[in-house]
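J.: Shown below is the structure under consideration.
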Amino acid sequence: MVNAKMVVVITVAALVILVLLAVAPMIGSTIDDVSNIQDNVQATGTLTFTGASAVNNIVNISTETYTFTNGTGGAFNVDVGSDAGNATYSNSQLVAEITANSTLVTAVDNTDDSLTVTSVLSGTAGNAYGTTDNLTNAAWGATTLTGGIDGSDWNSNANSDLNSPAQSWITFVGLIVLAFLAVIIGLVIRAFKGMGE
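Under our numbering, think of the first position of the sequence shown as 268, with each following residue one higher.
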């Protein structure tokens, strides 16, 4: 003869397993979606010197123009150095001038006669910054800054990898059901103990 208590225990256990199987993928999906959110990436560009700059050489970064001069001071004026300097000197002087005056980019000396500028703005906006020059002994890697990426904005219509409100609601309901079943199991166990006393 089938024990009634055993039937109840098996039924409750089966329900718990079914709920866990239904809820676990939703929880995992939510965690995976959050971990895949794209951060903003700033656009960059690299200028490489192969020799010294000359007076009246210019470097353009979007609306900013840097002019190489023979010791003339002032913002956006880059010293070519005595005896026309050299690639390393021209590179370091341009980095210093960009650092001191630019409102659009930051600059880093790569210590190999090249420099990398990074857009102050995050995302794709920096990709529109033009990079040109009339230098004989230097060249940009591209005609604009590149690599800027707009991060995800938590908009499920724009980001298919994010849960929609309906999906989030299903996950929430699943957790509520799981908690409810846990309470029922506790009550059933308590009732069984009471029957045995």
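Note that CB positions come from ideal geometry on N, CA and C, so glycine has one too.
For clarity, every value in this text was computed on a predicted model and none was experimentally measured.
(1) In chain order, which continuous runs of the beta strand (DSSP E) of length 3 or greater are located wholly inside the segment 317-369?
(2) Would you mind stating whether Gly390 and Thr315 have Cβ atoms separated by less than 9 angstroms?
(3) Could you have a look at Gly397 and say whether DSSP puts it in helix, strand or coil?
(4) On the DSSP bridge list, what partners appear for Leu382?
(5) Rounded to whole angstroms, what's the CA-CA distance from Phe447 to Gly453? Just pull it up for me.
(6) Note down the Cα distance separating Leu445 from Val308, rounded to an integer number of angstroms.
(7) Please name the residue in Ile443, Asn404, Thr373 and Leu402 whose C-alpha comes closest to that of Leu412.
(8) Give the C-beta separation of Ala342 and Asn368 to the nearest angstrom, bearing in mind that I take them to be a contact with Cβ-Cβ under 8 angstroms.
(9) Could you check which residue in Thr313, Ser329 and Leu442 has the C-alpha nearest to that of Gly397?
(10) Using CA coordinates, which residue listed in Thr403, Ala363 and Asn394 is at the minimum distance from Thr410?
(11) Below 9 angstroms between beta carbons: does that hold for Val326 and Ala405?
(12) Please say whether Thr383 and Gly312 have beta carbons closer to each other than 9 angstroms?
(13) Pick from Ile456, Leu442 and Gly415: whose alpha carbon is nearest that of Asp306?
(14) With Ala406 as the anchor, note down where its beta strand (DSSP E) starts and where it stops.
(15) To which residues of the same chain is Val322 closer than 7 angstroms at the C-beta, ignoring the five residues directly before and after it?
(16) Measure the C-alpha to C-alpha separation of Leu402 and Gly318 and round it to an integer number of angstroms.
(17) Which same chain residues, not among the five before or five after Ser359, have their C-beta less than 8 angstroms away from its C-beta?
(18) If we call anything under 9 angstroms between Cβ atoms a contact, is Leu361 one with Tyr333?
(19) Of the choices Asp379, Ala310 and Val345, whose alpha-carbon is the least far from that of Ser320?
(20) Looking at Thr385: is its Cβ nearer than 9 angstroms to the Cβ of Ala310?
T.: Judging by the given coordinates:
(1) Listed in chain order, the beta strand (DSSP E) runs fully inside the segment 317-369 are 325-328, 331-336 and 344-346, counting runs of at least 3 residues.
(2) With contacts defined as CB atoms closer than 9 angstroms, Gly390 and Thr315 fail to qualify as a contacting pair.
(3) Look at Gly397 here: in three-state DSSP terms it is strand.
(4) Beta-bridge pairing links Leu382 to Leu314 and Asp376.
(5) Between the alpha carbons of Phe447 and Gly453 lies a distance of about 10 angstroms.
(6) Spanning the two alpha carbons is a distance of roughly 40 angstroms.
(7) Taking Leu412 as reference, the option from Ile443, Asn404, Thr373 and Leu402 with the minimal CA-CA separation is Thr373.
(8) Contact flag correct, Cβ pair sits at about 5 angstroms.
(9) Here the closest residue by C-alpha is Ser329.
(10) Each of Thr403, Ala363 and Asn394 was checked against the Cα of Thr410, and the nearest Cα belongs to Asn394.
(11) Yes; because the gap between Cβ atoms is below 9 angstroms, this pair is in contact.
(12) A contact, by the Cβ cut-off of 9 angstroms.
(13) The option with the nearest alpha carbon to Asp306 is Gly415.
(14) Ala406 -> beta strand (DSSP E) spans Ala405 to Trp407.
(15) Once the five neighbours on either side are set aside, the close Cβ partners of Val322 are Phe335, Thr336, Asn337 and Val347.
(16) Looking at the two C-alpha atoms, the distance is approximately 10 angstroms.
(17) Closer than 8 angstroms at the Cβ level, and outside the excluded window around Ser359, lie Asp376.
(18) Their beta carbons are under 9 angstroms apart, which means Leu361 touches Tyr333 by this criterion.
(19) Nearest option by C-alpha distance: Val345.
(20) Going by C-beta atoms, Thr385 is nearer than 9 angstroms to Ala310.
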